[in-house]
Amino acid sequence: MTALDKILHLTPGKRAVAVRNVTGTLPVFDSHFPRFPVLPGVLILDDIVRTARLAAPDAPSGTVWALADVRRVRYRHFAEPGDQLEITVDVTEATETSVTARAAVSVAGRDITTVRQLRLEPAGGGREAS
Numbered sequence: 001m002t003a004l005d006k007i008l009h010l011t012p013g014k015r016a017v018a019v020r021n022v023t024g025t026l027p028v029f030d031s032h033f034p035r036f037p038v039l040p041g042v043l044i045l046d047d048i049v050r051t052a053r054l055a056a057p058d059a060p061s062g063t064v065w066a067l068a069d070v071r072r073v074r075y076r077h078f079a080e081p082g083d084q085l086e087i088t089v090d091v092t093e094a095t096e097t098s099v100t101a102r103a104a105v106s107v108a109g110r111d112i113t114t115v116r117q118l119r120l121e122p123a124g125g126g127r128e129a130s
């Protein structure tokens with residue numbers, strides 16, 4: 001459902017920084033508080049996972065990195081239509097069987113979401129896992 005708009009920085013196996021523009025035309029805003037539209041936290045988390053896949057080293061052959069675990073997620077402020085999310089993911093540990101990272105999402109230099117620990121593991125099939 002979500003898509004990153006731009007990759008600002010990419011060092012595979014170490015770090016990725018991406019941008020997502022929150023447009024007011026997203027269908028989710030019709031039902032997610034129509035009088036005070038905010039981007040659901042699960043969609044912000046999805047953007048973090050997509051950016052983490054970019055930051056991760058190549059997955060083992062025939063697999064893709066899939067979300068296995070996320071810990072200590074803090075939603076500090078709302079993301080609203082018109083905001084530009086800057087998603088930063090730093091890989092803290094990478095092996096053949098898992099990638100661990102931390103992440104922050106900011107709007108205009110202000111952190112709105114932080115993730116202390118996110119873990120990816122290989123998923124079979126060679127297609128993107130959700």
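Taken in order, the sequence shown gives residues 1 to 130; the numbers are from the working numbering.
Ideal Cβ placement from N, Cα and C applies to all residues, glycine included.
DSSP state of Met1, grouped into three classes?
Reliability of the predicted coordinates at Met1 is poor, the pLDDT of 48 falling under 50, and no value is obtained from them.
Tell me the start and end of each unbroken alpha helix (DSSP H) in the stretch 6-57 that is at least 4 residues and wholly inside, in chain order.
41-55
Taking the alpha carbon of Val99 as the point to measure from, which residue in Ile44, His77, Thr51 has its own alpha carbon closest?
Thr51
If you follow the beta strand (DSSP E) that Pro122 is in, where does it begin and where does it stop?
110-124
CB contact flag (Ala16, Leu54, <7 angstroms)
yes
Less than 7 angstroms between the C-beta atoms of Pro81 and Pro12, yes or no?
no
Taking the alpha-carbon of Asn21 as reference, which of Asp46, Val38, Ser61, Asp83 has the nearest alpha-carbon?
Asp83
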